[in-house]
Each structure stands twice: as C-alpha cells, then as structure tokens.
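Here numbering that gives the first Met the number 0 is used: the first residue of the sequence shown is 0, the next is one more, and so on.
Think of the CB as a built atom: it goes at the ideal place given N, C-alpha and C, for glycine as much as any other residue.
Right, one structure below, let's go through it.
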Amino acid sequence: MSLHQPSAWFLLVLAALPVLWWRRRGGRGRSAVSFSSIGPLVAAGGSWATGLRWLVPALRTAAIALLILCVARPQKANEQTRVLTEGIAIQLVIDRSGSMLAEDFERHGRPVSRLETVKTVVRDFVAGNDRLHGRPDDLIGLITFATYADSLAPLTLDHGFLLDAVAATEVSASNEDRATAIGDAIALGVERMAGLEPGRLAEGRIKSKVMILLTDGENNAGDIDPITAAKMAAAFDIKVYTIGAGTDAGFALVPTVDPFTGRIIRRRIPVSIDEDMLREIAAIAGGRYFRATDRESLQRVYEQIDELERTRIEQRRYTDYKEMAVESVSLAGVRIPPLLSVVVVLLALELILANTRFRTIP
Numbered sequence: 000m001s002l003h004q005p006s007a008w009f010l011l012v013l014a015a016l017p018v019l020w021w022r023r024r025g026g027r028g029r030s031a032v033s034f035s036s037i038g039p040l041v042a043a044g045g046s047w048a049t050g051l052r053w054l055v056p057a058l059r060t061a062a063i064a065l066l067i068l069c070v071a072r073p074q075k076a077n078e079q080t081r082v083l084t085e086g087i088a089i090q091l092v093i094d095r096s097g098s099m100l101a102e103d104f105e106r107h108g109r110p111v112s113r114l115e116t117v118k119t120v121v122r123d124f125v126a127g128n129d130r131l132h133g134r135p136d137d138l139i140g141l142i143t144f145a146t147y148a149d150s151l152a153p154l155t156l157d158h159g160f161l162l163d164a165v166a167a168t169e170v171s172a173s174n175e176d177r178a179t180a181i182g183d184a185i186a187l188g189v190e191r192m193a194g195l196e197p198g199r200l201a202e203g204r205i206k207s208k209v210m211i212l213l214t215d216g217e218n219n220a221g222d223i224d225p226i227t228a229a230k231m232a233a234a235f236d237i238k239v240y241t242i243g244a245g246t247d248a249g250f251a252l253v254p255t256v257d258p259f260t261g262r263i264i265r266r267r268i269p270v271s272i273d274e275d276m277l278r279e280i281a282a283i284a285g286g287r288y289f290r291a292t293d294r295e296s297l298q299r300v301y302e303q304i305d306e307l308e309r310t311r312i313e314q315r316r317y318t319d320y321k322e323m324a325v326e327s328v329s330l331a332g333v334r335i336p337p338l339l340s341v342v343v344v345l346l347a348l349e350l351i352l353a354n355t356r357f358r359t360i361p
C-alpha cells in the first residue's frame, strides 16, 4: 500500500484527533444538570452501558480518522509486465541419406554416426544448454531428406513435439531412399515458409525467416536443381545457412551387415561434399556456408548461427493503482472493502447507538 503524493500531507490532520478525544472525555462545552446530591445514583450502581459509554465517541473518532485517510488517497499498486517478442521462423533441413550413417564423429572417445551427432546438437540448439540459450520464442519446423524430402514437423512453438520428431529421424532402411535430393528439400522448406509474413505470429511478431540446411554429400536425386531452389528461397526473403558435415579425409567408415555372417562390419566408402554448391546456395539466399568435420566444430556452427539469428525480447512494465477509498482490494489474502463504505458504517452505527441505548440527557 502507498499514499498518493502530495495528498499524503493530509495525514497531519490526524494529530488533532487526540485533542478532540481529550475535549470529549473532559466534557468541556457540554450542558449539565445540577443535583444537590448524587449519592443515590452512586448507590444504585452502574450498568454495562455505563462501562461502554466510550464506544460512541470512539466510533466517531474512528470514522473521522478513516475519512482523513481517504483524503490522503491510499493506493494499492499492482505491477504487471508485458513481454513482447520478435521471433524467428526456422526451418531445419537435415540430410538422412545413407552416408549419414558414417561414424566419423566421436562422443566420449567412441565413434558416433553423423546423424546421431546432428540430432544431439540440434536438440541443444532448440532446447538450450550451458553454451546455448535455446530458441523458446521461435517457430521451428523439421524437414528431412534422402531420395525424397519429407516434412516431419510443421513450423511450431511446440518444441517438445519437434524434438520428438528429431529424435525419431533415422536413415531409411530402403536402398531406393538413400540418395540426396538437396534441391527438393530446399523447395519443400520454401513451400512451408512462403505463407508466413512478418507480424503474423500470435503473441509476438516474426522478425525473419531462416532455413538451416545440413548435408554430407552432393545433390544426386530429385526434380529441382539446388541453385533454382535457392533462388526460390531468396524470392520469399528466406535466408539459407548451409552446413557441410563430415570428415575431409575422402572416405568414412559406415556400419553394414555382412551378408555371410550377419555381423555388423564397418567398411570404407568414399564421401564427397559439394562445397561449391553449398556456398553458392548460401550466397544466393543471403546466408553463410559452414564446414563441420567433428562434433565440436558442428556445435560451434550452431552457436554461430544462434548468435547471428537472435530473438529480440522487449519487456514493458506498468503499474495499475487502485484507490482504496472507493475500491475494494486484497491485502495478504484478506479482502478489504472501500474505506469510505467503512466510514459510512461507523457513522451510522454511532448515530444509532447515540440515539438509543447510549442516549444522554441533554
């Protein structure tokens, strides 16, 4: 509770109340009836009303004190914060072709496939960790691709659903779906983001549209050329960041099933990333190209993108004041009625008591 300034100075009038009370108790200024002797009255004794005769002036004094407090304008402040966000629409486009099974990344000293490493780093990018803030205010979707491109999660703020889709992403078991259709994947991402316009996000605004394409190979499938798809993205103001993931040794170990023994063996396969194409895609669509040869460098790539594409959060605080003199408020869980209504009740009670049980003559 606080007092309106400069109305709080009216509280100084409360200092006069003890004087008024003293004058009331002393009986000064009141008429009197003379008796030759009050002995019979003293012998008759007093009643409970006599002992409570102070109640009527106390009610009036309390009413006056509350009235002075009302003039001082006590207020109950209720501070509220409004958070306004400018989010980013992010389309994750992840390669799940057969070569993503290559185990040229490490975790805790053990070889891990490219796809498993990417899934872990993407999870940290979305949810956050000790090095990343996470993207709680951004619309994020997921597209995966091999020979064909598929949308596994629409652009959404439900990041739990999105991360479940990321965790469920696997390399296709079909040999017919192990090629790499980069152009089709970009085109599908453009289709999913084309309808978004800045300022059309509920509870906030869309600041920009971003696509993060990760692949470990070359475009060798699909109907749309990657460069054509990049131009489509640029036409819809979609910035495309491209990431080439995988070793630069020219080959990688890929686990396969030995047809004779049924055991898992690792065989070398040649790998090649079309870096020139990825650089051109990024240049056309206003993004950047990154190269990740191990888990640590892949983490740094997503950290750089995280810094480049930040969500702006604006907080506006305002205070709503309630006038306790005329409005009911809640203090410490107790509902307090308007103080002026209490004043009216006290004066009414004083008037009733002064003219009934506590009536005096004169």
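As a beta-bridge residue in DSSP terms, Y288 pairs with T241.
A62 is the residue among I280, P56, A62 and R267 whose C-alpha sits nearest the C-alpha of L345. Each residue's CA atom was taken as its position, placing N219 and A126 some 33 angstroms apart. Leaving aside the five residues that flank P110 on each side, the residues in its chain whose CB is nearer than 6 angstroms to its CB run, in chain order, E102. Taking a C-beta distance under 8 angstroms as the contact criterion, D149 and T155 do not qualify as a contact pair.
In the DSSP annotation of this structure, F124 is not part of any beta strand (DSSP E); the continuous alpha helix (DSSP H) holding it starts and ends at R113 to A126. Rounded to whole angstroms, L252 and T179 show a C-alpha spacing of 19 angstroms.
In terms of CA proximity to E349, R52 leads the group R52, A15 and P17. According to the DSSP secondary-structure assignment, A152 is paired through a beta bridge with L141. Relative to the Cα of L19, the nearest Cα in the group F289, Q4 and A57 belongs to A57. Annotation for V328: the continuous beta strand (DSSP E) segment containing it runs V328 to L330. V12 carries a helical assignment under DSSP once its states are collapsed to helix, strand and coil.
D94 carries a strand assignment under DSSP once its states are collapsed to helix, strand and coil. Rounded to whole angstroms, the Cβ separation of T168 and I93 is 7 angstroms, and the two are in contact under 8 angstroms. Fully contained in the stretch 257-283 are the following beta strand (DSSP E) runs of length 3 or more, in chain order: 263-269. Remark: C-beta atoms of E217 and D273 approach each other more closely than 8 angstroms. The Cβ-Cβ distance between R134 and I89 falls below 8 angstroms. As the crow flies, the alpha-carbon of F104 is around 29 angstroms from that of D137. Between the beta-carbon of M99 and that of D215 there is about 6 angstroms, and that keeps the pair under the 8 angstroms contact cut.
Within its own chain, the residues whose Cβ lies closer than 7 angstroms to the Cβ of K230, once the five positions on either side in sequence are excluded, are I283, listed in chain order. Contact between the stretch 239-247 and the stretch 285-302 is present: three or more C-beta pairs spanning the two stretches fall below 8 angstroms.
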